[in-house]
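Q:
Residue numbers (my numbering), protein chains in the order written: chain A, 1 to 480; chain B, 1 to 480.
(1) When we look at the beta-carbon of residue 470(A) and count the other beta-carbons within 10 Å, is it buried (16 or more) or exposed?
(2) Comparing C-alpha positions only, which one of 242(B), 352(B), 228(B) and 308(B) sits nearest to residue 269(B)?
(3) If I follow the unbroken alpha helix (DSSP H) through residue 55(A), where does it start and stop?
(4) Is the number of C-beta pairs between the stretch 75 to 85 of chain A and the stretch 108 to 116 of chain A that are closer than 8 Å three or more?
(5) Does residue 250(A) pass the burial test, meaning 16 or more other C-beta atoms within 10 Å, or should it be called exposed?
(6) Using a cut-off of 8 Å between C-beta atoms, extract the partners of residue 191(B) located in chain A.
(7) So with CB distances below 7 Å, who are the chain A contacts of residue 34(B)?
(8) Just verifying my parser: in three-state terms, what is the DSSP assignment at residue 373(A)?
(9) Looking at chain A, is there any beta carbon in it that lies within less than 8 Å of the beta carbon of residue 119(B)?
(10) So, does the CB of residue 247(B) fall closer than 8 Å to a CB anywhere in chain A?
(11) Anything in chain A within Cβ reach of residue 21(B), meaning under 9 Å, just list it in chain order.
(12) Anything in chain A within Cβ reach of residue 333(B), meaning under 9 Å, just list it in chain order.
(13) Can you tell me whether DSSP reads residue 191(B) as helix, strand or coil?
(14) Consult DSSP for residue 102(A) and reduce its assignment to one of helix, strand or coil.
(15) Give the secondary structure of residue 113(A) by DSSP, where H, G and I count as helix, E and B as strand, and everything else as coil.
(16) Is residue 116(A) close to chain B? Criterion is C-beta to C-beta, closer than 8 Å.
(17) Check each candidate in 431(B), 389(B), 449(B) and 402(B) and name the one with the smallest Cα separation from residue 413(B).
(18) Straight-line CA distance for residue 415(B) to residue 33(A)?
(19) Among residues of its own chain, excluding the 5 on either side of residue 485(B), which ones have a beta-carbon nearer than 8 Å to its beta-carbon?
(20) Of all Cβ atoms in chain A, is any one closer than 8 Å to the Cβ of residue 40(B)?
(21) Mapping DSSP to helix, strand and coil, what is residue 425(B)?
(22) Check whether the Cβ of residue 93(A) lies closer than 8 Å to any Cβ atom in chain B.
(23) Report yes if the C-beta of residue 280(B) is less than 7 Å from at least one heavy atom of the ligand FMN; otherwise report no.
(24) Can you list, in chain order, the stretches of the beta strand (DSSP E) that have 3 or more residues and sit fully within the stretch 304 to 331 of chain A?
(25) Among residues of its own chain, excluding the 5 on either side of residue 241(A), which ones have a beta-carbon nearer than 6 Å to its beta-carbon?
(26) 8 Å is my cut-off, CB to CB: does residue 30(A) come that close to chain B?
(27) Can you tell me which residues form a DSSP beta bridge with residue 158(A)?
(28) Are residue 335(A) and residue 320(A) closer than 8 Å when you measure CB to CB?
(29) Which residue marks the beginning of the beta strand (DSSP E) containing residue 439(A), and which one marks its end?
(30) Thinking residue 323(B) and residue 359(B) are a contact (beta carbons under 8 Å), I'd like their distance in whole angstroms, please.
(31) Just verifying my parser: in three-state terms, what is the DSSP assignment at residue 3(B)?
(32) Taking DSSP as the reference, what is the three-state secondary structure of residue 20(B)?
(33) Between the alpha carbons of residue 216(A) and residue 180(A), how many angstroms are there, rounded?
(34) Quick one: does residue 156(A) have its CB under 8 Å from some CB of chain B?
(35) Excluding the 5 residues flanking residue 211(B) on each side, which residues of the same chain have their C-beta closer than 6 Å to its C-beta?
(36) If we call anything under 8 Å between Cβ atoms a contact, is residue 48(A) one with residue 158(A)?
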């Protein structure tokens, strides 16, 4: 409790180190004992719980229901889809012993659940009446990580994975889009206050086994991209491998069309990197586990009673409020700690202000202070929370705009992408030069990748074939 | 959709088979592809989500916060506590390969998380100010099962596990009791409508590494016991092994006192077996994902509109209501299906009743039907739900009373426990006969075990030593 929050490495000096400092000092996560694993500490987990509840609500509104499938998958299941096993086999964790002896067939810990879920879909789906089948699960998955980074890439992570089956390709395409926009983009923009670019992945970045991958890409504080959520059209690939066949209205047998989609604990990392500053986290009010902390400055002049009453009044209006009455710790230390944790509003209640009939409302986003009459404090905190939610979104939008450069050559794109996003015609990146190297490969030399493909109006590209649509634009960036 | 719900094996003929029939026909679960694993289907998972939310709310009210620890544990962690590793090693799943190569040290998939969590508690706890530390996690765990039974014993299962550290033994004892009564017993009795016996485990049934295990035991429909939740006092065993040391108020170094406690997806099995009847599930309204289904009998005479309006009116009063407008399926089939799924109230809306200005309210618990004026329907459904919640609890209480026999000899206990619980002095079971066999061992020959120890007034026994308290009573039964 008495550990000094201390000073963070400034973002401008070393962004990755700033990120690590925040994780440690705000007590969000610790390294696990097995390489690449992570302990999510209570405050970090509280952020994840709020993410879960907002995403889960939207998934249910999109008509999907939750279920749970085993995490142990026979290796043979993965091997059914060639691209899929090729994509995942270097990352698998394999269980060879169980119940005190060697297993007859080793099993893998799920890296994702397309194979096991589709094995059951094949049993559950018989008729067009069984479609669409819209299932989601919240689960842990394992992908062995050689270069782990907490929340962003860990060997074990938590996520939701949706898996659906539809009667027609059109239905599957529409549902993958619905999840991308109505679940993921809506949550990221309106709750996390992160203005994502929603687009289509180029073939090189597609999910193994998918015919089309859609993505939401956010810009972090250092200008790099974070892939925050993906929604895939699987075509009939898994349906063919697992025999998901239904009888249509005319009595004919058809393979189902499928989607899969997910967001993970990586979103906690995105939240930190999108809004954090040199004082620590800045949590958007819509997401914050604690929206307002009422800080008792000193326990004199009835201040403790007023602080408790104010917190009750805030809670009565639906604000997630807490009292900090730890007056045995210095006020300065506590203020720094709440700033570090990114609580959107701090209300300082002290005997001196109270004597004037006021309390001080401090906004975490811009540090502004406002002396509010005690009688107005609840309303003023509510106003401040709404203002902070907009301000954080505006700020992120302004950054995305300012740091996205329109460029006309691959070389300019590689340079611009060192400090933000670059936008250029996708056709330039598919062209092959005299050395047989495509523009996409050229970017890779500078650690730049194509994040997604858009139409000129910013909507999701319908194709990645420049021969079909020469106007498709690419967003390129360095990425986490 | 058109599969016939069909007829269940009567409970009286074969209870285990009835249980299996319900799992299949109510679409609660399927066997997983790896031995002992289970797919929790959407309706089964909806029950688990409701259990999770009720238990989680009570855990938070008891002051604990959620976190997440890695599922991969170095084997060496388990080996630190001798009894603990001895208890769990036959059940471990071992990962030997990760990231495409053999691991230097194999890791186990957590069978429970005392070891890994206490490794971190040792880092986080320094001073008495850091105590109590009250942490919970919702997670999957693996214990290799040779005789799996869905929801009751599966190789992988879902649970919550709480882990706490306290400054004194008294604090730890009190907290283990608080979880037993205020979290587990309260949820089981008031939400699940299962009147559990809360008591102390005999030494033979203690958690490996604990100094005292407390339990909630429910009586199932066949008179057998189900251990529904446990709360353990760990003493200082894990604190010593992992070095959880704090500086007390006087500057002295002390080992922390600890507890751990959990409930799992087994509760779904308990719910099925405690209330189910020959027509299927009967879900207590407080737990039911769907409390009332408005069944459109035929789409004539404006019935569809009335059904939709009624469901909206029910939802407006906070009732979880759904409309069944699948009029292309027979009404009889649909009624049977809703009975199978145990939805507490069915409201039948048909043109004939509507012409009279009424709808029919059917209670799942006793099958009673009530013609209610349309204007009163919402209130009458609310009344029915309250009545069903009480009726199911009363019925389970009556069964527990009727099928608990007071007996005076071990032989009588063994016999009575074939069809229910038996209660007898604990001292009789600790006595050793001429063959060197204790009463407890004698019971084991008839597959009967000591479920828990109580004081004569029914409260939790303070000791399992008859020399300290000769009045302690034992509840014995066959158990799942």
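No residue lacks a Cβ here, since even glycine has one placed at the ideal position from N, Cα and C.
A: If we stick to the structure as given:
(1) exposed
(2) 228(B)
(3) 42 to 61
(4) yes
(5) exposed
(6) Chain A residues near residue 191(B): none, gap ~19 Å exceeds 8 Å.
(7) 70, 72, 74 and 107
(8) strand
(9) yes
(10) no
(11) Result: empty, since nearest Cβ-Cβ is about 17 Å, beyond 9 Å.
(12) Correct list: empty, because the minimum Cβ distance to chain A is about 13 Å.
(13) coil
(14) strand
(15) coil
(16) yes
(17) 449(B)
(18) 51 Å
(19) Given that chain B is displayed from residue 1 to residue 480, the structure contains no residue 485(B) and the question cannot be resolved.
(20) yes
(21) strand
(22) yes
(23) Of the ligands one can find in the structure shown there are none, so the ligand FMN has no counterpart to examine.
(24) 321 to 324
(25) 80 and 81
(26) yes
(27) 140(A)
(28) no
(29) It is not in any beta strand (DSSP E) - residue 439(A) instead sits in the alpha helix (DSSP H) that spans 439 to 444.
(30) Not a contact, Cβ separation roughly 13 Å.
(31) Low confidence applies to residue 3(B): its pLDDT is 46, below 50, so where it sits in the model is not reliable enough to give any reading.
(32) helix
(33) 7 Å
(34) yes
(35) 233 and 235
(36) yes
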